[in-house]
Amino acid sequence: MSDFERHAAAKEARRAMPTRPWAPDEERRQEILRRYLGAVAHAASSETSERAAGRGGPAPPEAAPKATTPPHLEQQAPAPAPPRVRDVMNVPAVSVPGDMPYLDVAHTLAHEHVSAVPVVDAEDHVLGVVSESDLLAKAAVKAAPHPPGPLGRLREHHLYEKSRGETAATLMTYPAVTVRPGDLVADAAWTSARSRLKRLPVTDHHGRLVGVVSRIDLLRALVRNDADIREEITSRIIRQGFLLDPGAFEVTVENGVVTVRGELDGELVPKLLESIRGIEDVVDVVDYLRTT
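Under UniProt numbering, the sequence shown has 274 at position 274, and the numbering climbs by one with no breaks.
(1) Might you give, ordered along the chain, the residues of its own chain that have their beta carbon closer than 6 Å to the beta carbon of D99, omitting 5 neighbours on each side?
(2) Can you tell me which of the three DSSP states Y102 falls into?
(3) Going by DSSP, what residue range makes up the beta strand (DSSP E) through H214?
(4) What residue ranges within the UniProt domain "CBS" (172-229) form continuous beta strand (DSSP E) runs of no fewer than 3 residues, ordered along the chain?
(5) Leaving out the 5 sequence neighbours to the left and right, which residues in its chain are closer than 6 Å to P246 when beta-carbon positions are compared?
(6) Have a look at A139 and P118 and give me their C-alpha separation to the nearest angstrom.
(7) Here's the rule I'm using: 16 or more other beta-carbon atoms within 10 Å means buried, otherwise exposed. How should S115 be labelled?
(8) Rounding to the nearest angstrom, what Cα-Cα distance links N255 and A122 in this structure?
(9) In this structure, does DSSP put A116 in helix, strand or coil?
(10) Considering only the alpha carbon of each residue, which of D187, V202, H113 lies closest to V120?
(11) Kindly examine the ligand NAP and report whether one of its heavy atoms sits closer than 7 Å to the Cβ of T191.
(12) Does the distance from the CB of A169 to the CB of L135 come in under 8 Å?
(13) How far does the beta strand (DSSP E) with V129 in it extend, from its first residue to its last?
(14) Flag this pair as yes or no: are the beta carbons of D217 and V91 separated by less than 8 Å?
(15) Identify, in the order they occur along the chain, each residue of the same chain with its Cβ nearer than 8 Å to the Cβ of T292, setting aside the five sequence neighbours on each side.
(16) Quick check on D287: buried or exposed, where buried means 16 or more other Cβ atoms within 10 Å of its Cβ?
(17) Got a sec, what are the start and stop residues for the beta strand (DSSP E) E254 sits in?
(18) Using the beta-carbon count (16 or more within 10 Å), is P58 buried or exposed?
(19) Beta carbon of L184, beta carbon of S192: below 8 Å?
(20) Within 10 angstroms of the Cβ of S133, are there 16 or more other Cβ atoms? Answer buried if so, exposed if not.
(21) Applying the 10 Å Cβ sphere with the 16-neighbour rule, what's the burial state of A248?
(22) Would you mind reading off the limits of the beta strand (DSSP E) that contains R277?
(23) Do M172 and G207 have their beta-carbon atoms positioned less than 8 Å apart in this structure?
(24) Under 8 Å by Cβ, that's how I've got D284 and V257 pegged, so tell me the actual separation to the nearest angstrom.
(25) Where does the unbroken alpha helix (DSSP H) through V91 begin, and where does it stop?
(26) In the DSSP assignment, find the beta strand (DSSP E) that holds T259 and state where it starts and stops.
(27) Among T252, D226, L209, whose alpha-carbon lies nearest the alpha-carbon of D281?
(28) When burial is assigned at 16 or more other CB atoms within 10 Å of the CB, is A110 buried or exposed?
Have a look at this one:
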């Protein structure tokens with residue numbers, strides 16, 4: 001993540017900060033939020049770059065002569081493949097048929113503890129999504145003490161149009177915003193953030209429902225926990241990349257901030273720190289390395 005993306009993510013997170021004093025765990029929650037927003041911003045910038053390249057532009061400059069790679073970096077293991085939707089989606093997915101009455105849809109949402117479900121046809125093609133807010137319009141109008149006058153109907157036109165529905169198909173929001181199993185989690189997170197949806201249906205290339213991915217699933221996949229970051233540093237960077245003994249170093253990670261202690265050849269210190277900073281989800285690196 002670039003410095004600009006980190007700054008933008010932090011600024012966005014600060015906007016959401018409450019004015020009242022933070023709870024004991026709020027600082028950690030805010031840091032996770034910043035890291036999540038940063039990942040979404042990175043996905044957005046990548047998408048923009050790809051679209052610009054697709055439209056055509058100035059020819060890329062001639063590649064510079066390839067620099068000689070130090071032997072210890074030639075053997076560095078490749079970075080883990082980025083997670084895809086298929087790795088985090090929920091299967092089987094809860095869905096409802098288009099002809100299901102709205103009361104049964106409400107019972108389904110309550111029973112499954114979800115806020116929205118895909119609406120499918122007989123072949124499992126996704127037609128739309130029916131959510132709590134769609135049902136709320138129906139319930140609000142039915143609970144009104146008396147019918148509104150012409151002015152009220154005009155002001156709440158959409159609400160009353162929605163309230164006329166009696167089935168999932170007539171109440172749903174369509175077309176549905178969907179993702180594919182092979183999509184990158186970062187791209188799906190950007191789709192979720194842009195559309196402000198908590199749950200996204202996952203469809204195959206024929207538009208048939210194969211799963212559902214939630215915003216919390218995407219968050220967990222994008223923001224790795226500190227133990228996973230530490231494991232990548234010790235195994236992929238220190239052991240495989242620099243051919244060093246991980247036991248000779250003390251590596252701790254807290255909220256994405258890496259602290260590393262140990263003794264190392266002075267020429268390798270900058271390279272090691274640069275490799276650690278290059279790991280996704282690393283917020284900062286605190287250097288307590290001693291040179292030999």
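Built from N, CA and C at the ideal position, the CB exists for glycine as well.
On the basis of the data shown:
(1) On the sequence shown, residue 99 is found 99 positions in, with the first residue counted as 1. Within the same chain, D99 has close Cβ partners T167.
(2) Position 102 of the sequence shown, counted from the start, is the residue given in the question as residue 102. Three-state DSSP puts Y102 in a helix.
(3) Here residue 214 refers to the residue found at position 214 when the sequence shown is read from its first residue. First, the residue type needs correcting, since residue 214 is Ser and not His in the sequence shown. Segment 209-214, the beta strand (DSSP E) holding S214.
(4) 199-203, 209-214
(5) As a first step, residue 246 must be located in the sequence shown, where it is residue number 246. Excluding positions up to five away in sequence, the list reads T234, I238, R239.
(6) As a working mapping, residue 139 is identified with position 139 in the sequence shown. As a working mapping, residue 118 is identified with position 118 in the sequence shown. The straight-line gap from Cα to Cα measures roughly 20 Å.
(7) For the purposes of this step, residue 115 is taken as the residue at position 115 of the sequence shown. Under this definition S115 is an exposed residue.
(8) For the purposes of this step, residue 255 is taken as residue 255 along the sequence shown, with counting starting at 1. For the purposes of this step, residue 122 is taken as residue 122 along the sequence shown, with counting starting at 1. So the alpha carbons of these two residues sit roughly 47 Å apart.
(9) Working through the sequence shown from its first residue, we reach residue 116 at position 116. DSSP places A116 in strand when its eight states are reduced to three.
(10) Here residue 120 corresponds to residue number 120 of the sequence shown, with the count starting at 1. When each option's Cα is compared against that of V120, the closest is V202.
(11) The ligand content of the structure shown is nil, which means the ligand NAP is not present either.
(12) Numbered from its first residue, the sequence shown carries residue 169 at position 169. Numbered from its first residue, the sequence shown carries residue 135 at position 135. No. Outside cutoff.
(13) Position 129 of the sequence shown, counted from the start, is the residue given in the question as residue 129. Its beta strand (DSSP E) spans residues 126-131.
(14) Counting from one through the sequence shown, the residue named residue 217 turns up at place 217. Counting from one through the sequence shown, the residue named residue 91 turns up at place 91. Not in contact: D217 and V91 (Cβ atoms no closer than 8 Å).
(15) On the sequence shown, position 292 is the one that residue 292 refers to. So the qualifying residues of the chain are E263, L264, D265, G266.
(16) Translated into positions along the sequence shown, residue 287 becomes position 287. By the 10 Å Cβ count, D287 comes out exposed.
(17) Position 254 of the sequence shown holds residue 254. Unbroken beta strand (DSSP E) run through E254: 249-254.
(18) Within the sequence shown, the letter at position 58 stands for residue 58. For P58, the predicted model reports a pLDDT of 49, less than 50, meaning its position is unreliable; a value from the coordinates is still stated below. It counts as exposed.
(19) Mapped onto the sequence shown, residue 184 falls at position 184. Mapped onto the sequence shown, residue 192 falls at position 192. Cβ distance not < 8 Å, so L184 and S192 don't count as in contact.
(20) For the purposes of this step, residue 133 is taken as the residue at position 133 of the sequence shown. The residue in question, S133, is exposed, as its Cβ has fewer than 16 Cβ neighbours within 10 Å.
(21) Counting from one through the sequence shown, the residue named residue 248 turns up at place 248. So A248 ends up on the exposed side.
(22) Counting from 1 along the sequence shown, the entry for residue 277 is found at position 277. No beta strand (DSSP E) contains R277, which is instead part of the alpha helix (DSSP H) from 269-277.
(23) Counting from 1 along the sequence shown, the entry for residue 207 is found at position 207. Counting from 1 along the sequence shown, the entry for residue 172 is found at position 172. Taking 8 Å as the Cβ cut-off, G207 and M172 do not qualify as a contacting pair.
(24) Translated into positions along the sequence shown, residue 284 becomes position 284. Translated into positions along the sequence shown, residue 257 becomes position 257. D284 to V257, Cβ: 5 Å. Contact.
(25) To locate residue 91, count along the sequence shown from 1; it is residue 91. Premise fails: V91 is in no alpha helix (DSSP H) and is neither H nor E.
(26) Start at 1 with the first residue of the sequence shown, and residue 259 comes out as number 259. Start and end: 257-264.
(27) Your numbering for residue 281 matches position 281 in the sequence shown. Cα-wise, what sits closest to D281 is D226.
(28) Here residue 110 corresponds to residue number 110 of the sequence shown, with the count starting at 1. Looking at its Cβ environment, which holds fewer than 16 other Cβ atoms inside 10 Å, A110 is exposed.
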